Amino acid sequence: MDSFAQMMSALNELELEEKKRKLKLSSTLIMKHPRESMDHQSPKEIKKAAKDSTRRTCVRCCTLEPKDVPFKACGGCHSAFYCSKECQKLDWAYHKRSCLTAQKQRRLEKLGGALVSNRTLFSYLNLAIILSLGLHKNPSPPSFFTAHVTLVIEPEDIIDFGRLQGQIGDEPPTRNAAGKIKGMLQIGTVTPLPDNMGLGSEEDLRRRTEVVFQENSTKYAPDCIVGSIVLTLFDLGNFSQPNPVNGLQVPTIIDADMILIARMAEPFHLILPSTGEVHEKPMAVFSCMEYINMAIRQDHNNRFLLRTEMLKSEEKNILDTASAAYRKEDVQEFAWMCIRRRMECESVYQALRMWKKDQNRRQSLA
Ligand SMILES: [Zn+2]
Ligand SMILES: [Zn+2]
């Protein structure tokens, strides 16, 4: 027998031993009843029986769903069912709030999950967090950190962003057949986690983070910084009603290399395709955000899975930031600021302003 075959047979024996052990263990745990009849259904039968024995009811009028004509689900959240269009219409005033919350939570899980699973984008997000919390400057960094990242849905086309804000003549933004604007995820803010978000104490967060690491048997070096990032979708509700927030908690490990990159502070290079000019952008929270946001903007084929149709409420967020009245309301100030500040820092918005100026000049000449 060659060494490979020997290894395989040893492995098989090991597996067999393991199976025997399990069999032995389970055979010691038997419970019987004198009247039992041992005919368990198959999983398929159980599923079918469950379907037959339960029925949906119309959310509005409680009519039972007939077997042959399934009720239609709410197109927004897919979790409320109605017997008729009339019932859905009548229920909307009540369903509206929970529908939006359900939709947003689904979006957050889908888009936030894709963002943190993208190794490149996530490493730059970690860099932004290091800079925002000053972990690179701290000679004895904390063993645990918490950070808050706000995600924004914006039109994927910068011109549509301008149109939505009403800055480009009377032209409306481009909409698809369903009347929706094509949108994409952008990073809105990267900050320390405020303590009024209803997520429990730092100790609670640390405990929850450790549970996730244990479940995934994650090992980390002693010089790493372990932390928890809370992702929320840019939503006024999050700020005007502090508790609790619909957030996505992301347990994170920041290794010494990332801290080193932050300390070296090499600038980003911004290349203008029209002229080939290279501009330097300093290593800063806003540059890291711009790097991620630009990478998503350029992902036209949606390889990152960070594109989505915009919800009406998300359109309104952007529309509102353009109006002066918006600034007056204190609770919304943070939300307003996070779009406005990015518009001042990120090159794409500067390009939009230039483009607009150019358009206006042409119009006045014509
Ligand atoms: Zn009904
Ligand atoms: Zn709904």
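For the sequence shown, the positions run 1 to 366 when the UniProt record's numbering is used.
Ideal placement from N, C-alpha and C gives every residue a C-beta, glycine not left out.
Just so we're clear, the structure is a prediction, and the values are computed from it rather than from any experiment.
Distances from the CA of G134 to each of R263, V348, D170, M343 were compared; the closest alpha carbon is that of R263.
Counted as a single uninterrupted DSSP element, the stretch harbouring V59 is not any beta strand (DSSP E), since DSSP gives it neither H nor E.
Note on geometry: alpha-carbon atoms of M294 and K356 lie some 20 Å from one another. L248 is not a Cβ neighbour of L131, given a cutoff of 8 Å. Apart from sequence neighbours up to five positions away, no residue of its chain approaches G179 with a beta-carbon distance below 8 Å. A check of alpha carbon separations from L164 across N12, K312, V348, M354 identifies K312 as the nearest.
DSSP places H95 inside the alpha helix (DSSP H), whose first and last residues are 85–116. Between the beta-carbon of L127 and that of M31 there is about 56 Å, and that puts the pair past the 8 Å contact cut.
Residues close to ligand 2 by the beta carbon criterion (under 6 Å to any non-hydrogen atom) are, from first to last along the chain, C74, G76, C77, A80, H95, C99. Put simply, of K316, F71, D52 the residue whose alpha carbon is nearest the alpha carbon of C61 is F71. Boundaries for Q165: no alpha helix (DSSP H) harbours it, and the DSSP string shows neither H nor E there.
Residue state for V285 is assigned as helix, using DSSP reduced to three classes.
By the Cβ criterion, the region 284–294 is in contact with the region 172–190, since at least three pairs of Cβ atoms, one from each stretch, lie closer than 8 Å. Annotated as proximal: I229 and V250, with beta-carbon spacing under 8 Å. Sorted by chain position, residues whose beta-carbon lies closer than 6 Å to a non-hydrogen atom of ligand 1 are C58, R60, C61, T63, Y82, C83, S84, C87. When the Cα atoms are used, E277 and D223 turn out to be separated by approximately 40 Å. Using a C-beta cut-off of 8 Å, the region 345–360 makes contact with the region 155–171, since at least three inter-stretch Cβ pairs fall below that distance.
Taking C-alpha positions only, K85 is separated from H95 by approximately 14 Å. Distance from the CA of T232 to the CA of V69, rounded to the nearest whole angstrom, comes to 38 Å.
As the crow flies, the alpha-carbon of L115 is around 7 Å from that of F122. In the same chain as R361, and ignoring 5 residues on each side of it, no C-beta atom comes closer than 7 Å to its own. Sequence-distant partners of N118 (beyond 5 residues in either direction) whose C-beta falls short of 7 Å from its own C-beta, in its chain, are F304.
Annotated as distal: F213 and N317, with beta-carbon spacing of 8 Å or more. For F268, the enclosing beta strand (DSSP E) begins and ends at 268–271.
Under the DSSP assignment, M258 falls in the alpha helix (DSSP H) whose first and last residues are 256–264. Under the 10 Å beta carbon count, P155 is surrounded by 16 or more other beta carbons and is classified as buried. Apart from sequence neighbours up to five positions away, the residues of its chain that approach S143 with a beta-carbon distance below 8 Å are I225, V226, ordered along the chain. Taking all protein chains in view, the Cβ of K47 is surrounded by fewer than 16 other Cβ atoms within 10 Å, so the residue is classified as exposed.
The three-state secondary structure of L127, taken from DSSP, is helix.
Inter-residue distance for S9 and S42 is about 34 Å (C-alpha atoms, whole angstroms).
Here DSSP, grouped into helix, strand and coil, assigns A73 to strand.
Residue state for S228 is assigned as strand, using DSSP reduced to three classes.
The continuous alpha helix (DSSP H) containing Q350 extends over residues 347–365. For G183, the number of other beta carbons within 10 angstroms of its own is at least 16, and it is reported as buried.
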